[in-house]
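Peer 1: Numbered continuously in my numbering, the sequence shown closes out at residue 1603.
Backbone N, C-alpha and C fix where the C-beta goes; we use that ideal spot for every residue, glycine too.
This is the structure, below, for whatever I ask next.
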Amino acid sequence: MTSRSSATPFVALCATVTLAACGGGTSPATRPTTAPAPVAAMPNAATTAPARANLAHAIIPLPTSVTLVPGSAFVVDSTTTVVVAASAGAEVERIAAQLLELLGRPAATPPTRLAAADTIPTHAIYLRLGNDTALGDEGYRLDVTPALVTITANRPAGLFYGTQTMRQMLPVSIEYPAAFNRVLRIPAGVVIDAPRFAWRGSMLDVARHFLPLEDVRRHIDRMAFYKLNRLHLHLADDQGWRIEIKSWPKLTQIGGSSQVGNGAGGFYTQEQFAELVRYAAERYVTIVPEIDMPSHINAALASYPSLNCDGVAPPLYRGTEVGFSLICVKSDTTYRFITDIVREIGALTPSPWFHVGGDEVKKLTHDDYRAFIDRVQGIVRSQGKQMVGWGEIAVAALDPSTVVQSWIPDSSALHVARGGKVILSPATRSYLDMKYDSATLLGLRWAALIEVRDSYDWDPATQITGVPERSVLGVEAPLWSETLVKAEDFEFMAFPRLLAIAEVGWSRGPRDFESFRQRLGAQGQRLTALGVNFYRSPQIPWWEGSAGSASTLLP
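Take a look at the structure:
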């Protein structure tokens, strides 16, 4: 939702963890400093593993507790096995398979299954389900000794997040195929971790500029790596309709053919979307679909004249203005349309949420707007879903189960007073389509210029008066696409600020930007290894040099 018209680096790192002897790392003068070289030029294992091992505490998002044992490590080599209990189930075995793939094992290599009476083998990574109430559903404990790595969690999601933390403790070369069969080291110690908020989201606007499935999958991979768990897809707007609706086929036949500018648009078939939902679920990312209404809906109005009060379809729209379109809120056809939309999309998404937008409505009276939101809320509920909407919907008589997504000063406190929950997406902090600075070529600036520190230095518990932490479901970073044409554009605006939002949503206790900027500087090599086209913020001391080489921090 957008409102618009046309130094002491090691000391800082050390402060984030408990060390058996703080100082177990190398001095700043011996640290790597550039993004990794291409695969063909990757350094050998002898230079990679030891140099990166001391960066185990450069984890994002910051765990609840990290205790490292300097000079001690678990060695990962071609003999390392991944072990699960025989009774662990298919979900845990899938996580084990993902880990084996990361370690370079051939596709479909099964984990070692242990019966209850079996002895845990040495030189293994053991994924274990336990019952520690302090960890909740997504927390984990990671124990690393020279003989064994054990990841313990109450639920598979926690095991998955434990593997992502372990992955960050491995040298960055693990992200390259050239790292397969190398000897790699995981520093010994204990990590105990659990998230602050249940909703840690990223939103992609695929309506203004269509994003192909493979690019969305890549974004899901990167979200999961940094423990983000909600992908909010803005699937329809004035400029395009992006998901097949079988009972209203012209939505994609006509409405799917346009986007901002001169592009051809595009859409996802229901089969493709269902596959995307499954792909995300395997990485513990829940897809939340959004169909914005009653405004931001010109693509639908252009597809079906009956959705317009005058019965005349407007032309397709390729511009960037907002608030001019309006579905006919007094027509029964409109509510049959909305029911079909929620029913068909809802059947593709097992998540409980359906986002209805509700923002920037400029052509309705206050009473008609409230009546529309109330009726849509009933439709969403009748289809077995919980409604989510932008902050403007808080003026309506919402059920406590409805979730308000606050982006500008709004009436969220009214909803909280009725027992409702809020997702925080403050435009001045989390809107990733805002320019980094005045020289940024992509993006807009109507809310603010948002550098990395701006995305990091805010507290959801105090963001809105009358909305205490217990009423905050979580945080989400929207990425609107008026100026973003291709995947590289989306990446440039999302990264590295999305990592700041990930830490705001996950990490408990006090957060410190100095610690974050040092850890983010170390993550730059990994972002490069993952193929991310990220913005090299001058606020961050990015590591330079080939992955694992001995060098220095800049500057």
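Is the beta carbon of Asp-1342 sitting closer than 7 Å to the one on Ile-1393?
Peer 2: Note that residue 1342 corresponds to Pro in the displayed sequence, not to Asp. Not in contact: Pro-1342 and Ile-1393 (Cβ atoms no closer than 7 Å).
Peer 1: Would you kindly check if the distance between the Cβ of Arg-1418 and the Cβ of Ala-1444 is under 7 Å?
Peer 2: Taking 7 Å as the Cβ cut-off, Ala-1444 and Arg-1418 qualify as a contacting pair.
Peer 1: Apart from the five residues on each side of it in sequence, which residues of its chain come closer than 7 Å, Cβ to Cβ, to Ile-1549?
Peer 2: These residues qualify, in order along the chain: Ser-1478, Ser-1503, Val-1523 and Ala-1525.
Peer 1: Which residues in the same chain as Gly-1557 place their Cβ atom closer than 8 Å to its Cβ, once the five residues preceding and following it in sequence are excluded?
Peer 2: Counting only Cβ-Cβ distances below 8 Å, and skipping sequence neighbours, we find Thr-1112.
Peer 1: Can the beta-carbon of Tyr-1174 be found closer than 7 Å to that of Thr-1157?
Peer 2: In this structure, Thr-1157 does not lie closer than 7 Å to Tyr-1174 by Cβ.
Peer 1: Do you know how far the Cα of Thr-1488 is from the Cα of Pro-1544?
Peer 2: Computed Cα separation, rounded: 14 Å.
Peer 1: Going residue by residue through the stretch 1365 to 1443, where are the continuous alpha helix (DSSP H) segments of at least 4 residues, counting only ones entirely within it?
Peer 2: For the stretch 1365 to 1443, whole alpha helix (DSSP H) runs of length 4 or above, ordered along the chain, are 1380 to 1396 and 1414 to 1430.
Peer 1: Count the other C-beta atoms from every protein chain shown that fall within 10 angstroms of the C-beta of His-1414, then say buried if there are 16 or more, exposed otherwise.
Peer 2: Classification of His-1414: exposed, given that the 10 Å Cβ count is below 16.
Peer 1: State the CB to CB distance for the pair Gly-1178 and Ala-1242, rounded to an integer number of angstroms; the pair is presumed to be in contact (CB under 8 Å).
Peer 2: That belief does not hold up - the Cβ atoms of Gly-1178 and Ala-1242 are roughly 13 Å apart, past 8 Å.
Peer 1: Rounding to the nearest angstrom, what Cα-Cα distance links Ala-1496 and Pro-1457 in this structure?
Peer 2: About 15 Å.
Peer 1: Three or more C-beta pairs closer than 8 Å, one from the stretch 1399 to 1406 and one from the stretch 1323 to 1338: is that the case here?
Peer 2: Segments in contact, yes.
Peer 1: Check for me: the beta strand (DSSP E) holding Phe-1122 runs from which residue to which?
Peer 2: Its beta strand (DSSP E) spans residues 1113 to 1124.
Peer 1: Taking the C-alpha atoms as reference points, what is the distance between Thr-1115 and Val-1192?
Peer 2: Distance between the alpha carbons of Thr-1115 and Val-1192 is about 10 Å.
Peer 1: Indicate the three-state DSSP secondary structure (helix, strand or coil) for Arg-1248 in the structure shown.
Peer 2: The answer is strand: DSSP assigns Arg-1248 an E or B state.
Peer 1: To the nearest angstrom, report how far apart Asn-1310 and Trp-1289 are at their CA atoms.
Peer 2: For Asn-1310 and Trp-1289, the distance between alpha carbons rounds to 15 Å.
Peer 1: Which residue marks the beginning of the beta strand (DSSP E) containing Arg-1556, and which one marks its end?
Peer 2: Where Arg-1556 is concerned, there is no enclosing beta strand (DSSP E), given that its DSSP letter is neither H nor E.
Peer 1: I need the straight-line Cα distance from Leu-1547 to Pro-1516, nearest angstrom please.
Peer 2: Approximately 24 Å between the Cα atoms of the pair.
Peer 1: Does the beta-carbon of Pro-1169 have 16 or more other beta-carbons within 10 angstroms, so that it is buried, or is it exposed?
Peer 2: Counting Cβ neighbours within 10 Å, Pro-1169 comes out exposed, since fewer than 16 surround it.
Peer 1: Which whole-angstrom value is the C-beta distance of Thr-1531 and Leu-1492, which I expect to be below 8 Å?
Peer 2: Confirmed, Cβ separation roughly 7 Å.
Peer 1: Does Asp-1263 come out as helix, strand or coil in the three-state DSSP assignment?
Peer 2: Reduced to three states, the DSSP call for Asp-1263 is helix.
Peer 1: If you draw a straight line from the C-alpha of Ala-1205 to the C-alpha of Pro-1353, how long is it?
Peer 2: Computed Cα separation, rounded: 46 Å.
Peer 1: Could you name each continuous beta strand (DSSP E) segment of 3 residues or more that falls completely within the stretch 1135 to 1174, going from the start of the chain to the end?
Peer 2: 1160 to 1162, all fully within the stretch 1135 to 1174.
Peer 1: Locate the beta strand (DSSP E) running through Glu-1604, then write down its first and last residues.
Peer 2: The structure shown does not extend to residue 1604, since the chain spans only 1049 to 1603, so no value can be given for it.
Peer 1: What is the rounded straight-line gap between the Cα of Ala-1350 and the Cα of Glu-1369?
Peer 2: One C-alpha to the other measures close to 16 Å.
Peer 1: State the Cα-Cα distance for the pair Arg-1559 and Lys-1378, rounded to the nearest angstrom.
Peer 2: Near 49 Å, if we compare the C-alpha coordinates of Lys-1378 and Arg-1559.
Peer 1: Is Glu-1149 buried or exposed, if buried means 16 or more other CB atoms sit within 10 Å of its CB?
Peer 2: Exposed, because fewer than 16 other Cβ atoms sit within 10 Å of the Cβ of Glu-1149.
Peer 1: Curious, which full-length beta strand (DSSP E) runs of at least 3 residues does the stretch 1276 to 1310 contain?
Peer 2: Runs found: 1278 to 1282.
Peer 1: Just tell me which of Ile-1471, Ser-1473, His-1463 and His-1344 has its CA closest to the CA of Val-1408.
Peer 2: Per the sequence shown, residue 1408 should be read as Glu rather than Val. Answer by Cα proximity: His-1344.
Peer 1: So is Ala-1255 buried or exposed if we call it buried at 16+ other beta carbons inside 10 Å?
Peer 2: Ala-1255 comes out buried.
Peer 1: Does the distance from the CB of Thr-1387 to the CB of Ile-1427 come in under 7 Å?
Peer 2: For Thr-1387 and Ile-1427, yes; Cβs fall inside 7 Å.
Peer 1: Using C-beta distances below 6 Å, list every residue in its chain close to Arg-1501, excluding the 5 sequence neighbours before and after it, in chain order.
Peer 2: Cβ neighbours of Arg-1501 beyond the five flanking positions: Phe-1561 and Gln-1587.
Peer 1: Would you tell me roughly how many angstroms separate the C-alpha atoms of Phe-1538 and Leu-1218, rounded to the nearest one?
Peer 2: Whole-angstrom Cα-Cα distance: 27 Å.
Peer 1: Under the three-state reduction of DSSP, which class applies to Arg-1270: helix, strand or coil?
Peer 2: Here Arg-1270 sits in helix by DSSP.
Peer 1: Are the stretch 1267 to 1285 and the stretch 1331 to 1341 touching by the rule of at least three beta carbon pairs closer than 8 Å?
Peer 2: A contact exists between the stretch 1267 to 1285 and the stretch 1331 to 1341.
Peer 1: What first and last residue would you give for the beta strand (DSSP E) that runs through Glu-1562?
Peer 2: Where Glu-1562 is concerned, there is no enclosing beta strand (DSSP E), although the alpha helix (DSSP H) it sits in stretches over 1561 to 1577.
Peer 1: Contact between the stretch 1459 to 1474 and the stretch 1293 to 1307: three or more CB pairs below 8 Å?
Peer 2: The stretch 1459 to 1474, when compared against the stretch 1293 to 1307, does not touch it at the 8 Å Cβ threshold.
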